[in-house]
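A.B. asks: Quick one: the structure is below, questions incoming.
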Amino acid sequence: MNIPFVKKNELYNFVEKNFTYLAVGLVIIVIFFFTYFLIVPTWKEIRDVSVLELQQKQTRLTEMQKFLSQLKTMRDTYAEIDYNDIQRLETVLPKGFDKQQLFLQIQQFAEQSGFPATSITFNEKLAATTSSTSRRNSQSAQQATGVVAGGEVQEVTINITVQGVATYDSFKQFLTSIEGFGPILTLSSIDYPVSSSAFSMSLTTYYLSES
Amino acid sequence: MSSINFLPDDEKGREKPEKKVRTIEYTQPEESVKQQKKSSHGGVLSIFKRSSNDFPKAPTMPTLPPKPGVKSQIQEPIVKSHNDIKKVESKTVIAYQKKETKKKDVGTKEKKPIFGWLTKMFSRSAKAPVAHPAHLPPVPQKPYIESRDKKSETVQSEPSVTRMSTGKKDMEDFGQKVIQESTPKVPTPSGLSQPPPRFNPFTTEPTKPKDVAQVSQESTKAPQPVESAQEALEPKEPEMTEAQVDLRPRALGMSFDVNLVPDEMVQRKRTMSRLALLGVVVLITAFVCVVWYGILAFYKTNVSSNVVSVQDETSRVQQQIDALTPVQRDALVLQKRTEEIQKLLDSQIHWTKLFGALEKYTMKNVTLSKVTAQADGQVVIQGQAPDVAVAFEQIAVFQSATDFIQSLSILTTPSIPVTSSSNSTSTTSSSDSLFVFPSENAPGETLAPKSIFSVQVQLVADYLISARE
């Protein structure tokens, strides 16, 4: 092997005298080169991107698995509920305000009680029964599940005039019928006896908003 | 066969065939050497003869009789080239022999003050023998010549081109000295002398330069036999000149550790080895770094594969969640509805409960003519009693009914009963009914006098809302 520059005696002497330093220096240079240009960028990429991304995705996966288990538990519990009970609950507190349906229900209720209704009027307004605390809890539950479980409870005021409430017994029977009506009806005030056979009163019913 | 090349590197392979003269050199018999030393060659010719003082006393060694049929290696010829001899310099001699050569020079300067430089010049030419090529056939054994008259000890194979050199003669002298000192001086009876014994360098007796001069002087005067072979075998460092170094190994068939490689070449070789070692160190370091990088790359790949697997698992779980979303919505709506229904039922007003309490706490001879109730629990009650005492007694009963009346205030105190006609609008007492409507009284019926009272009561909190009786 003939290397021109190696033939110089100065280089020979330099290599002979400083062999240890040359070796250590070269090792340091090589280590620095690999560390600075290859190892450190790779390690930073692993630490800042890959590992962090993996941790986030694993956390997300854990949450989703936990939520899935809750959903499965909810599905099993929902499957155990009788369908008739669910329909009855929907009747008691319907979802959305359907005027025609409610009018028919009130009229049918009056006829079945023996006190035919002469006039029915509706006055829709927001319900005041739901407290702010329960509303906040409902909102937080919706945010947690990501599913809208129904809107706020709203109420409708019904002004109704019935006939046939002539005796005290019939009056009591009429009150009992109101308390047992499907959609919840609330009689806010009573003024008895009435001056005539026609009995006018103000009832309040409730429903769940669509949103 | 040992071959030593004293030529510098630059002169290798630069042989000139037309000038190359090879000389086959033979050793000289002991007797001829003695006679040669004793013979006087005065004048200028004497300067071409190497003085015996130039050569140190050769180490003695035990003589072993030569095996029959085996040629002694002392007779190994040396082929030299004159051109090559001129180019050899004294610096080609190895380092450890230089020191001894200097000592020898110091000792010999006093002996040859006049023509020492010229003799030294010739001796220099003799110190650079040409290596005998290994591929050449060995030179036949030189016969020993008994005649003392012959001045020329060499037999020229080609008389026209070869000649005997003083360097060769020095070599012969050295060989003769070795023989003289190692063996007792016994005159050779026959014409042909016995071949010199094999030279063993490791059993030689080293001598100092000063001793060498003395020995050489003694040997020129009168040869003295060796006292004993043990003295010859004593390990003394021989005093060797450059010419001796050249002569010794080949003449006696020794294997010396003679490093004839130039220092520059040795240093260059060492430097190259050091550079190679540096390269190995760098490669090892680079390999370690590459292995380290490979481990990181493997870890990165592993993390990436884990990310991919987690993504796949996440998407699979997301699909299951999407499949259960309708059920979840229905369940949540049902849950919400149930909660709201529970709240509404808890706030439901039960008016029948109020009328049941009124029936319970109203006396038999008292009739309630009007009841006005609000959802907040304020109830205004008007009633009729047969007399004032009964009216107050009824008020006292309401006041004592603490299970549903929290407080009571009298709006109208019971008055003195007044007889009223049938067409009045006031209510009349009835035994079987709590409330009496005007239409229930018979027309023209005379009503008994009644004491009228009116009270306002505040119901117990949540009495209308609570469903319990």
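Chains U and V, in that order, give the protein sequences. Under my numbering, the first sequence is numbered contiguously, ending at residue 211. Under my numbering, the second sequence is numbered contiguously, ending at residue 1469. We put the beta carbon where it would ideally sit given N, CA and C, even for glycine.
1. Would you mind working out which of V/K1450, V/K1370, V/Q1458 and V/T1413 sits nearest V/S1407, comparing C-alpha positions?
2. Taking the straight line between their C-alpha atoms, what separation do you get for V/N1306 and V/L1345?
3. Candidates V/T1314, V/I1452 and V/Q1378: which alpha carbon is nearest V/S1409's?
4. Would you mind sorting V/E1100 into buried or exposed? The rule is 16 or more other CB atoms within 10 Å of its CB.
5. If you measure beta-carbon to beta-carbon, which residues of the region 1279-1310 of chain V are closer than 8 angstroms to chain U?
6. Below 8 angstroms on C-beta distance, what does U/E258 contact in chain V?
7. Report the residues of the region 1351-1376 of chain V with a CB closer than 7 angstroms to any CB of chain U, ordered along the chain.
8. Could you tell me whether the region 1335-1350 of chain V touches the region 1377-1392 of chain V, using the rule of 3 or more Cβ pairs below 8 angstroms?
9. Report the rounded CA-to-CA distance for U/E210 versus U/E63, giving the unit in angstroms.
10. At a Cβ threshold of 7 angstroms, is V/T1413 touching chain U?
11. Since U/Q163 is in the beta strand (DSSP E), which residue starts that stretch and which ends it?
12. Quick check on DSSP: helix, strand or coil for V/D1330?
13. Counting only Cβ pairs nearer than 7 angstroms, list the residues of chain U close to V/I1321.
14. Is there a C-beta anywhere in chain U that falls below 7 angstroms from the one on V/S1430?
15. At what residue ranges does the region 57-122 of chain U contain a whole run of the alpha helix (DSSP H), taking only runs of 4 or more?
16. Closest Cβ-Cβ distance between V/V1388 and chain U: below 7 angstroms?
17. Would the beta-carbon of V/V1317 fall within 7 angstroms of that of U/R75?
18. Does U/L26 come within less than 7 angstroms of chain V when only Cβ atoms are used?
19. The alpha helix (DSSP H) with U/Y21 in it runs from where to where?
20. Could you please give me the residues that DSSP links to V/Q997 through a beta bridge?
21. U/S177 CB to nearest chain V CB: under 7 angstroms?
22. Taking DSSP as the reference, what is the three-state secondary structure of V/V1463?
23. What is the DSSP secondary structure of U/D191, counted as helix, strand or coil?
24. Counting contacts by CB-CB distance shorter than 7 angstroms, is U/A104 in contact with chain V?
25. Determine which residues of the region 187-211 of chain U have a Cβ less than 8 angstroms from any Cβ of chain V, and write them out in chain order.
26. Pick helix, strand or coil for U/Q173, following the three-state DSSP scheme.
27. Can a CB atom of chain V be found closer than 7 angstroms to the CB of U/Y12?
28. My guess is that U/S202 and U/S188 are in contact by the Cβ rule of under 8 angstroms, so how many angstroms apart are they, rounded?
29. Where does U/P193 land, buried or exposed, given buried means 16+ other C-beta within 10 angstroms?
30. Run down chain V in chain order and give the residues with a C-beta less than 9 angstroms from the C-beta of U/I120.
31. Output, in chain order, the set of chain V residues within a Cβ distance shorter than 8 angstroms of U/S46.
32. Just to confirm, are V/V1397 and V/G1383 a CB contact at a threshold of 7 angstroms?
33. Nearest-angstrom Cα distance between V/K1364 and V/V1371?
34. Verify the contact flag: V/D1387, CB atom, against every heavy atom of the ligand ADP, threshold strictly below 6 angstroms.
35. Could you check what DSSP says for V/D1054 in three-state terms: helix, strand or coil?
36. Does chain V have any CB closer than 7 angstroms to the CB of U/T42?
C.D. replies: Short version:
1. In terms of Cα proximity to V/S1407, the closest of V/K1450, V/K1370, V/Q1458 and V/T1413 is V/Q1458.
2. 54 angstroms
3. Comparing Cα positions, the closest option is V/Q1378.
4. Its pLDDT being 45, under 50, V/E1100 is placed unreliably in this model, and the value from its coordinates should be taken loosely. Counting Cβ neighbours within 10 Å, V/E1100 comes out buried, since at least 16 surround it.
5. V1281, V1282, T1285, A1286, C1289, V1290, W1292, Y1293, L1296, A1297, Y1299, K1300, V1303, S1304, N1306, V1307 and V1310
6. With chain U running from 1 to 211 in the structure shown, residue 258 of chain U is simply not present.
7. W1351, T1352, F1355, K1370, V1371, T1372, A1373, Q1374 and A1375
8. These segments do not touch.
9. Within the model, the alpha-carbon separation for U/E210 versus U/E63 is close to 29 angstroms.
10. no
11. U/Q163 -> no beta strand (DSSP E), and no H or E assigned at all.
12. helix
13. Chain U residues near V/I1321: M64, F67, L68 and L71.
14. Confidence at V/S1430 is low in this model, with a pLDDT of 40, below 50, so the placement of that residue is unreliable and no value is reported for it.
15. 83-92 and 99-113
16. no
17. no
18. For U/L26, at least one C-beta of chain V is nearer than 7 angstroms to its own C-beta.
19. F19 to F34
20. Lying outside 1001 to 1469, the shown extent of chain V, residue 997 of chain V is not represented and no answer is given.
21. no
22. Looking at the sequence provided, one finds Tyr at residue 1463 of chain V rather than Val. V/Y1463: coil per DSSP, three-state reduction.
23. strand
24. In the sequence on display, residue 104 of chain U carries Leu and not Ala. Not an interface residue.
25. L187, S188, S189, I190, D191, Y192, P193, Y206 and L208
26. helix
27. Cβ-Cβ to chain V under 7 angstroms: yes for U/Y12.
28. Taking a contact as a CB-CB distance under 8 angstroms, the pair U/S202 and U/S188 counts as one, their CB atoms being some 6 angstroms apart.
29. The residue in question, U/P193, is buried, as its Cβ has 16 or more Cβ neighbours within 10 Å.
30. Those within 9 angstroms of U/I120 in chain V number zero; the least Cβ separation is about 20 angstroms.
31. The sequence as given places Ile at residue 46 of chain U; Ser does not occur at that position. Under the 8 angstroms cutoff, chain V gives L1296, Y1299, K1300 and V1303.
32. no
33. Near 17 angstroms, if we compare the C-alpha coordinates of V/V1371 and V/K1364.
34. As presented, the structure is devoid of all ligands, the ligand ADP included, so that no description of it is given.
35. In this prediction, V/D1054 scores a pLDDT of 48, lower than 50, which makes its location untrustworthy; the coordinate-derived value is nonetheless stated afterwards. Residue state, collapsed to three classes: helix.
36. yes
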